[in-house]
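*Asks:* My questions will all concern the structure given below.
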Amino acid sequence: MADRLTRIAIVNEDRCKPKKCRQECKKSCPVVKTGKLCIEVSSASKVAFISEELCIGCGICVKKCPFDAIEIINLPKDLEKDTTHRYGPNTFKLHRLPVPRPGQVLGLVGTNGIGKSTALKVLAGKLKPNLGRFKNPPDWQEILTYFRGSELQNYFTRILEDNLKAIIKPQYVDHIPKAVQGNVGQVLDQKDERGIKAELCVDLELNQVIDRNVGDLSGGELQRFAIAVVAVQSAEIYMFDEPSSYLDVKQRLKAAQVIRSLLRANSYVIVVEHDLSVLDYLSDFICCLYGKPGAYGVVTLPFSVREGINIFLAGFVPTENLRFRDESLTFKIVESQESAEEIETYQRYKYPTMSKTLGNFKLTVMEGEFTDSQIVVMLGENGTGKTTFIRLLVHLSPPRPPHLSFTL
Numbered sequence: 411m412a413d414r415l416t417r418i419a420i421v422n423e424d425r426c427k428p429k430k431c432r433q434e435c436k437k438s439c440p441v442v443k444t445g446k447l448c449i450e451v452s453s454a455s456k457v458a459f460i461s462e463e464l465c466i467g468c469g470i471c472v473k474k475c476p477f478d479a480i481e482i483i484n485l486p487k488d489l490e491k492d493t494t495h496r497y498g499p500n501t502f503k504l505h506r507l508p509v510p511r512p513g514q515v516l517g518l519v520g521t522n523g524i525g526k527s528t529a530l531k532v533l534a535g536k537l538k539p540n541l542g543r544f545k546n547p548p549d550w551q552e553i554l555t556y557f558r559g560s561e562l563q564n565y566f567t568r569i570l571e572d573n574l575k576a577i578i579k580p581q582y583v584d585h586i587p588k589a590v591q592g593n594v595g596q597v598l599d600q601k602d603e604r605g606i607k608a609e610l611c612v613d614l615e616l617n618q619v620i621d622r623n624v625g626d627l628s629g630g631e632l633q634r635f636a637i638a639v640v641a642v643q644s645a646e647i648y649m650f651d652e653p654s655s656y657l658d659v660k661q662r663l664k665a666a667q668v669i670r671s672l673l674r675a676n677s678y679v680i681v682v683e684h685d686l687s688v689l690d691y692l693s694d695f696i697c698c699l700y701g702k703p704g705a706y707g708v709v710t711l712p713f714s715v716r717e718g719i720n721i722f723l724a725g726f727v728p729t730e731n732l733r734f735r736d737e738s739l740t741f742k743i744v745e746s747q748e749s750a751e752e753i754e755t756y757q758r759y760k761y762p763t764m765s766k767t768l769g770n771f772k773l774t775v776m777e778g779e780f781t782d783s784q785i786v787v788m789l790g791e792n793g794t795g796k797t798t799f800i801r802l803l804v805h806l807s808p809p810r811p812p813h814l815s816f817t818l
């Protein structure tokens with residue numbers, strides 16, 4: 411069955427000038443010629459109207475418009491081919507698969523519920539892809555035939571014939587205490603097949619909790635422990651599902667370095683990550699996933715790291731001429747001090763030099779100020795006093811001297 415696609419039609423209001431053209435878009439539209447109002451425009455119209463429901467995506471109007479005011483972009487509605495796996499009738503289905511490469515880190519990026527974890531399970535050999543045939547699932551021979559001629563054929567052949575060992579760092583580390591008993595040191599000793607436990611405990615700052623029970627670890631400690639458990643084992647396929655959650659910036663960098671250290675000529679490393687800066691640092695190439703969370707997910711072709719991140723932010727895949735998000739994700743950045751001064755301010759908050767001592771910890775704050783029209787970001791490692799500083803500002807913890815001045 412042919413793909414069913416819906417389309418979004420973009421008409422640039424600044425460029426579209428019906429009074430200055432001969433309505434070439436309407437006259438050349440094959441749907442309009444059949445008597446259907448796919449494009450409505452007259453000399454009295456401000457802009458042309460294009461029915462996305464009737465549009466067949468021929469692109470003739472795009473080429474005929476003398477002002478280049480029209481853009482037609484395919485937006486996926488439902489896909490009938492390239493189905494890799496479906497759990498059952500009226501359930502989530504995954505289209506295509508990421509293509510891992512030996513000796514390189516593959517990064518996966520996409521919203522939650524889009525199929526990243528499902529893709530990991532399939533690539534790990536823990537979930538047999540049914541190619542959408544959940545009532546009559548294919549055998550491995552059919553699956554290999556389906557992927558014939560692609561890199562995935564060689565990948566799955568190696569999993570079946572060479573008995574490759576795959577290890578997945580789970581997404582939800584808070585579930586680990588339910589499955590793992592003992593303290594951190596004991597578990598790492600049991601799993602250590604590479605003899606690098608001591609080195610990893612230093613890199614991931616686990617020596618402070620080496621004697622602590624797994625059930626007593628915090629979120630960040632559980633995350634670092636889970637990464638260490640995967641890294642100490644000997645395997646051909648390493649997979650990490652959101653390895654930077656619960657970690658601060660420094661710990662994320664350390665974790666990324668540990669993950670990259672697992673690379674060997676014949677090993678595969680696959681990482682699912684939402685932090686784009688970590689993904690940029692960690693990956694050698696990227697596959698984006700798009701679709702409707704909980705309904706279907708589609709995996710793009712592999713891209714370079716920069717191109718893959720830009721595609722995810724833009725919500726548009728240029729190789730497929732396909733938009734998977736109505737709007738791009740943009741970051742508003744003040745480019746110069748002049749543009750920053752254009753922001754109108756109404757109130758200024760000024761705080762004095764102050765200090766606060768909590769046990770052996772002492773926080774010293776230098777005098778500063780901020781306005782009501784700015785968003786101030788505070789960066790620092792865990793335990794360096796960020797929360798204490800906020801409490802000082804809101805009088806939850808009285809400072810010395812207890813004085814704050816306001817300038818209106």
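The sequence shown lines up with residues 411 to 818 when you count with our numbering. For glycine and all other residues, C-beta sits at the position ideal for the given N, C-alpha and C.
What does the Cβ neighbour count give for S776, buried or exposed, with the cut at 16 atoms within 10 Å?
*Replies:* A small correction: the amino acid at residue 776 is Met; Ser does not occupy that position in the sequence shown. Result: exposed.
*Asks:* Does M649 pass the burial test, meaning 16 or more other C-beta atoms within 10 Å, or should it be called exposed?
*Replies:* M649 is buried by the Cβ-count criterion.
*Asks:* Can you name, in chain order, every residue of its own chain whose Cβ lies under 6 Å from the Cβ of F734, other than the five neighbours on each side?
*Replies:* Closer than 6 Å at the Cβ level, and outside the excluded window around F734, lie Y700 and G725.
*Asks:* Classify Q433 as buried or exposed, calling it buried when 16 or more other Cβ atoms lie within 10 Å of its own Cβ.
*Replies:* The residue in question, Q433, is buried, as its Cβ has 16 or more Cβ neighbours within 10 Å.
*Asks:* Output the residue ranges of the alpha helix (DSSP H) runs that lie fully inside the stretch 568-615 and measure 4 residues or longer, sorted by chain position.
*Replies:* With a minimum length of 4 residues, the continuous alpha helix (DSSP H) runs that stay inside the stretch 568-615 are 586-589, 594-601 and 607-613.
*Asks:* Between the stretch 534-548 and the stretch 494-512, can you find at least three pairs of beta-carbon atoms closer than 8 Å?
*Replies:* As far as the Cβ criterion goes, the stretch 494-512 touches the stretch 534-548, which means the pair count is three or higher.
*Asks:* By the DSSP assignment, the beta strand (DSSP E) with C697 in it spans what residues?
*Replies:* F695 to K702 is the span of the beta strand (DSSP E), which, as asked, contains C697.
*Asks:* Among T797, G469 and D478, which has the Cα closest to the Cα of E423?
*Replies:* It is D478.
*Asks:* Going along the chain, which unbroken runs of the alpha helix (DSSP H) with 4 or more residues stay wholly within the stretch 704-788?
*Replies:* List check, alpha helix (DSSP H) in window: 715-724 and 747-751.
*Asks:* Which same chain residues end up closer than 8 Å to F459 when comparing Cβ atoms and leaving out the 5 residues on each side of it in sequence?
*Replies:* Same-chain partners within the cutoff: V421, I449, E450 and V451.
*Asks:* So, are the CB atoms of L614 and I637 less than 8 Å apart?
*Replies:* The answer is yes: Cβ separation under 8 Å.
*Asks:* If you run the structure through DSSP and keep just helix, strand and coil, what is N564?
*Replies:* In the structure shown, N564 sits in a helix (DSSP, three-state: H, G or I).
*Asks:* With 16 other CB atoms within 10 Å as the buried threshold, where does V612 fall?
*Replies:* Looking at its Cβ environment, which holds fewer than 16 other Cβ atoms inside 10 Å, V612 is exposed.
*Asks:* At the level of alpha carbons, what is the spacing between D685 and E646?
*Replies:* Distance between the alpha carbons of D685 and E646: 25 Å.
*Asks:* By the DSSP assignment, the beta strand (DSSP E) with T493 in it spans what residues?
*Replies:* Segment T493 to R496, the beta strand (DSSP E) holding T493.
*Asks:* Tell me which residues share the same chain as V442 and place their Cβ nearer than 7 Å to its Cβ, disregarding the 5 neighbours each side in the sequence.
*Replies:* Closer than 7 Å at the Cβ level, and outside the excluded window around V442, lie K436, C448 and I449.
*Asks:* Which same chain residues end up closer than 7 Å to V619 when comparing Cβ atoms and leaving out the 5 residues on each side of it in sequence?
*Replies:* So the qualifying residues of the chain are V594, L627 and E631.
*Asks:* Between the stretch 466-475 and the stretch 508-525, are three or more C-beta pairs nearer than 8 Å?
*Replies:* The stretch 466-475 vs the stretch 508-525: no contact.
*Asks:* Would you mind reading off the limits of the alpha helix (DSSP H) that contains Y656?
*Replies:* Taken as a continuous stretch (DSSP letters only), Y656 belongs to no alpha helix (DSSP H), as it is neither H nor E.
*Asks:* The alpha helix (DSSP H) with V532 in it runs from where to where?
*Replies:* Per DSSP, V532 belongs to the alpha helix (DSSP H) from K526 to L533.
*Asks:* Quick one: grab the DSSP three-state call for L516.
*Replies:* Here L516 sits in strand by DSSP.
*Asks:* What does DSSP give as the partner residues of N623 in its beta bridges?
*Replies:* In the DSSP output, where bridge partners are listed per residue, N623 has N593.
*Asks:* Please say whether Q633 and L657 have beta carbons closer to each other than 8 Å?
*Replies:* Contact: yes.
*Asks:* Could you give the first and the last residue of the continuous beta strand (DSSP E) run that contains V679?
*Replies:* V679 -> beta strand (DSSP E) spans Y678 to V682.
*Asks:* To the nearest angstrom, report how far apart S807 and E603 are at their CA atoms.
*Replies:* Its pLDDT being 44, under 50, S807 is placed unreliably in this model, and the coordinates cannot settle the point.
*Asks:* E652: which of V597, A641, I578 and G718 sits nearest, CA to CA?
*Replies:* With distances taken between Cα atoms, E652 lies closest to I578.
*Asks:* Which of helix, strand or coil does DSSP assign to V509?
*Replies:* In this structure, V509 counts as coil in the three-state DSSP scheme.
*Asks:* Assuming A419 and I482 make a contact with CB atoms under 8 Å, what is their CB distance in whole Å?
*Replies:* Correct: roughly 6 Å between the Cβ atoms.
*Asks:* When you compare the CB of W550 with every CB in chain E, is at least one pair closer than 8 Å?
*Replies:* The chain labelled as chain E is not found in the depicted structure, where only one protein chain is given.
*Asks:* Is the beta carbon of A675 less than 8 Å from the beta carbon of P547?
*Replies:* Going by C-beta atoms, A675 is not nearer than 8 Å to P547.
*Asks:* So, are the CB atoms of V583 and L692 less than 8 Å apart?
*Replies:* It is not a contact, given that the beta carbons lie outside the stated cut-off.
*Asks:* DSSP three-state call for I647: helix, strand or coil?
*Replies:* Correct three-state label for I647: strand.
*Asks:* Kindly list the residues whose CB is nearer than 7 Å to the CB of F799, restricted to its own chain and excluding five residues on each side of it in sequence; keep chain order.
*Replies:* Cβ neighbours of F799 beyond the five flanking positions: L773 and V775.
*Asks:* Do you know how far the Cα of A589 is from the Cα of H787?
*Replies:* First, the amino acid is wrong: residue 787 is Val here, not His. Rounded to whole angstroms, V787 to A589 spans 38 Å at the Cα level.
*Asks:* Output needed for L621: all residues of its chain with C-beta closer than 8 Å, excluding positions within five of it in sequence on either side, in chain order.
*Replies:* Note on residue identity: the sequence assigns Asp, not Leu, to residue 621. Cβ neighbours of D621 beyond the five flanking positions: N593, V594 and G595.
*Asks:* Using the three-state DSSP reduction, which class does V457 fall into: helix, strand or coil?
*Replies:* In the structure shown, V457 sits in coil (DSSP, three-state: anything other than H, G, I, E or B).
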